[in-house]
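Numbering (the UniProt record's numbering), first residue to last: 1 to 501. No residue lacks a Cβ here, since even glycine has one placed at the ideal position from N, Cα and C. Working notes for the structure below.
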């Protein structure tokens with residue numbers, strides 16, 4: 001069923017409309033009652049007068065008297081007939097006015113009772129329990145069962161668990177995390193959650209369509225209750241609308257304020273709240289999509305069975321797990337694809353934008369690939385979630401990984417995390433500018449990356465952008481050179497993993 005929207009630009013007028021509607025309804029109801037009373041009186045009078053006039057007509061020999069009495073009877077009958085026609089009309093107007101009053105009341109309170117409104121109009125509600133919820137200037141009809149709940153998702157636990165705390169910040173030390181920068185995060189949705197096999201912890205800002213594609217992908221396999229979305233100082237209205245919708249569907253929405261440099265602390269503290277009730281926790285970015293490698297190594301899968309099998313095969317050593325962090329190939333590169341092949345994914349009317357993802361670049365797992373852990377073992381993560389940390393192995397780093405060896409510090413999984421930062425030219429450009437801004441590189445238009453020690457890849461990208469002097473024509477050339485695969489790159493087809501109707 002399509003959503004229903006009501007728009008009301010001036011909420012203050014709702015209260016006035018409610019008062020006016022109430023007064024009008026009372027007046028109309030009073031007139032209708034008076035109408036029925038007068039009709040009854042005239043019926044009695046007409047009946048009595050007819051008998052009297054009949055007697056007079058019989059005993060009188062005056063023809064003029066006969067005519068006068070007959071006219072009076074006809075007039076009374078006409079009045080009664082008019083009243084009997086007017087009364088139902090007034091009653092109908094009252095019912096309509098009553099329904100209108102309920103609509104106005106809904107605008108004022110934020111809720112509409114559809115069955116009651118239908119009853120006011122003498123209509124059947126069909127037994128529907130649909131409700132309409134109004135938020136600010138928009139009311140959205142929400143069905144009891146969303147269409148997506150019919151997908152083959154991994155089920156969540158039946159027990160409702162109270163989410164606490166509902167606020168974290170730099171003033172509170174949790175799990176050994178001591179933030180150097182001030183920040184705070186507040187839960188925006190109901191403080192309730194359920195146990196789940198995999199919990200996705202996303203920290204994003206103004207994700208827009210990336211957020212939409214992200215949630216669509218993960219909820220193909222996981223319930224909305226498995227998603228924790230942290231909104232870091234976002235102010236984009238479209239993203240806010242998405243977050244509101246996802247919150248109503250069961251996702252947990254947090255609002256975070258503070259420096260980007262506190263990302264690791266914010267991410268870690270919120271993850272710890274859900275960790276004990278999660279089989280596994282996955283801190284991810286909005287441009288990262290989870291998938292499972294096929295056993296033959298020639299493709300990716302994304303289904304509830306594939307994910308359950310992959311997680312069920314992991315050991316319990318207490319080590320963090322590594323995912324193969326691989327990048328998607330933009331459709332603009334047109335690698336190994338004929339024009340017919342490029343058109344084929346979009347032949348369906350409702351094909352997703354994710355159909356643009358045709359290939360990923362394969363590589364061996366290394367120390368910088370992304371991590372995840374069992375919920376009960378989770379301790380902390382870092383800004384990029386490259387190293388992670390569990391209760392048994394709390395202090396991990398790239399240097400330690402390189403010194404001890406990858407498999408001595410981490411357990412290798414069959415999971416892959418697809419990085420979509422370069423799906424389009426616009427994504428590539430915004431990703432580079434946002435990364436440079438968050439890390440302060442944008443303050444220097446002639447930056448020397450040889451002097452930079454952290455986030456070097458963002459520095460080099462900012463260097464390319466500034467050297468092109470922000471020319472979109474030059475930047476598109478830089479984009480193609482930067483992201484399209486070289487001859488030595490090995491590609492893996494992934495169309496079937498991400499393209500869906």
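Residues in the same chain with beta-carbon distance under 7 Å from residue 413, minus the five sequence neighbours each way, listed in chain order, please.
Residue mapping note: residue 413 aligns to position 413 of the chain shown, counting from 1. Taken in chain order, the residues that qualify are 310, 314, 321, 322 and 323.
Does DSSP classify residue 416 as helix, strand or coil?
By one-based count along the chain shown, residue 416 stands at place 416. DSSP, reduced to helix, strand and coil, places residue 416 within a strand of the structure shown.
Kindly indicate which three-state DSSP category residue 321 falls into: helix, strand or coil?
As a position in the chain shown, residue 321 is number 321, starting the count at 1. Strand, per DSSP.
Rounded separation between residue 267 and residue 201 - CA only:
Within the chain shown, numbered from 1, the residue matching residue 267 stands at position 267. Within the chain shown, numbered from 1, the residue matching residue 201 stands at position 201. Going by the C-alpha atoms only, they are around 8 Å apart.
Does DSSP put residue 429 in a helix, in a strand, or in coil?
Locating residue 429 in the chain shown gives position 429, counting from the first residue. Three-state result, residue 429: helix.
When you compare each of 262, 458 and 254 to residue 187 by their alpha carbons, which one comes out closest?
Position 187 of the chain shown, counting from 1, holds the residue named residue 187. Looking at the Cα atoms, 254 is the closest of the given residues.
Alpha carbon to alpha carbon, how far is residue 227 from residue 383?
The sequence position of residue 227 within the chain shown is 227, counting from 1. The sequence position of residue 383 within the chain shown is 383, counting from 1. About 19 Å.
Starting from the Cα of residue 426, find the closest Cα among 456, 460 and 472 and give me that residue.
Residue numbering aside, residue 426 sits at position 426 when the chain shown is read from its first letter. Shortest Cα-Cα distance from residue 426 to any of 456, 460 and 472 involves 472.
Neighbourhood of residue 397 by C-beta, 6 Å cutoff - its chain only, sequence neighbours within 5 removed:
Here residue 397 is taken as the residue at index 397 of the chain shown, counted from 1. Same-chain partners within the cutoff: 387.
Extract the residue ranges of the beta strand (DSSP E) inside the segment 283 to 323, only unbroken runs of 3 or more that lie entirely within it.
288 to 293
Rounded to the nearest angstrom, how far is the Cβ of residue 292 from that of residue 415, given a contact under 8 Å?
By 1-based counting over the chain shown, the position of residue 292 is 292. By 1-based counting over the chain shown, the position of residue 415 is 415. Right, their Cβ atoms sit about 6 Å apart.
Residue 447 and residue 357 - do their beta-carbons sit closer together than 9 Å?
Along the chain shown, read from residue 1 onward, the residue named residue 357 stands at position 357. Along the chain shown, read from residue 1 onward, the residue named residue 447 stands at position 447. No.
Secondary structure at residue 233, three-state DSSP: helix, strand or coil?
Locating residue 233 in the chain shown gives position 233, where the first residue counts as 1. Residue state, collapsed to three classes: coil.
Backbone secondary structure at residue 250 - three-state DSSP:
As a working note, residue 250 is residue 250 in the chain shown. Coil.
If you draw a straight line from the alpha carbon of residue 464 to that of residue 264, how long is it in whole angstroms?
As a working mapping, residue 464 is identified with position 464 in the chain shown. As a working mapping, residue 264 is identified with position 264 in the chain shown. If you take the alpha carbons of residue 464 and residue 264, they lie about 27 Å apart.
Rounded to the nearest angstrom, what separates residue 454 and residue 371 at their Cα positions?
Position 454 of the chain shown holds residue 454. Position 371 of the chain shown holds residue 371. If I take the Cα positions, the gap works out to 19 Å.
Any idea what DSSP makes of residue 470, helix, strand or coil?
The count along the chain shown starts at 1 and reaches residue 470 at position 470. Coil at residue 470, not helix or strand.
Given residue 442, which residues of its chain have a CB within under 6 Å of its CB, disregarding the five upstream and five downstream residues?
Numbered from 1 along the chain shown, position 442 holds the residue referred to as residue 442. So the qualifying residues of the chain are 436.
Using C-beta distances below 8 Å, list every residue in its chain close to residue 375, excluding the 5 sequence neighbours before and after it, in chain order.
The sequence position of residue 375 within the chain shown is 375, counting from 1. 199, 274, 275, 276, 277, 278, 279, 280 and 281, listed in sequence order.
Between which two residues does the alpha helix (DSSP H) harbouring residue 404 extend?
The count along the chain shown starts at 1 and reaches residue 404 at position 404. From DSSP, the alpha helix (DSSP H) with residue 404 extends over 398 to 404.
Entirely within the segment 184 to 216 and at least 3 residues each: give me those beta strand (DSSP E) ranges in chain order.
196 to 204
Cut-off 6 Å between Cβ atoms - residues of its own chain near residue 474, not counting five sequence neighbours on either side
Within the chain shown, the letter at position 474 stands for residue 474. Same-chain partners within the cutoff: 468.
Please classify residue 354 as buried or exposed, where buried requires at least 16 other C-beta atoms within 10 Å of its C-beta.
Reading the chain shown from its first residue, position 354 is the one you call residue 354. That one is buried.
Cα-Cα separation between residue 133 and residue 332, rounded to whole angstroms
Within the chain shown, numbered from 1, the residue matching residue 133 stands at position 133. Within the chain shown, numbered from 1, the residue matching residue 332 stands at position 332. Low confidence applies here, because residue 133 scores a pLDDT of 34, under 50, leaving its location unreliable and the question unanswered by this model.
Using 8 Å for Cβ pairs, my map puts residue 318 next to residue 391. What's the rounded Cβ distance?
Within the chain shown, residue 318 is the residue found at index 318, counting from 1. Within the chain shown, residue 391 is the residue found at index 391, counting from 1. About 7 Å separates the beta carbon of residue 318 from that of residue 391, a gap short enough to meet the 8 Å contact definition.
Inspect the beta-carbon positions of residue 154 and residue 222 and report whether they are closer than 9 Å.
For this step, residue 154 is matched to residue 154 along the chain shown. For this step, residue 222 is matched to residue 222 along the chain shown. Yes, the pair counts as a contact, with Cβ atoms nearer than the cut-off.
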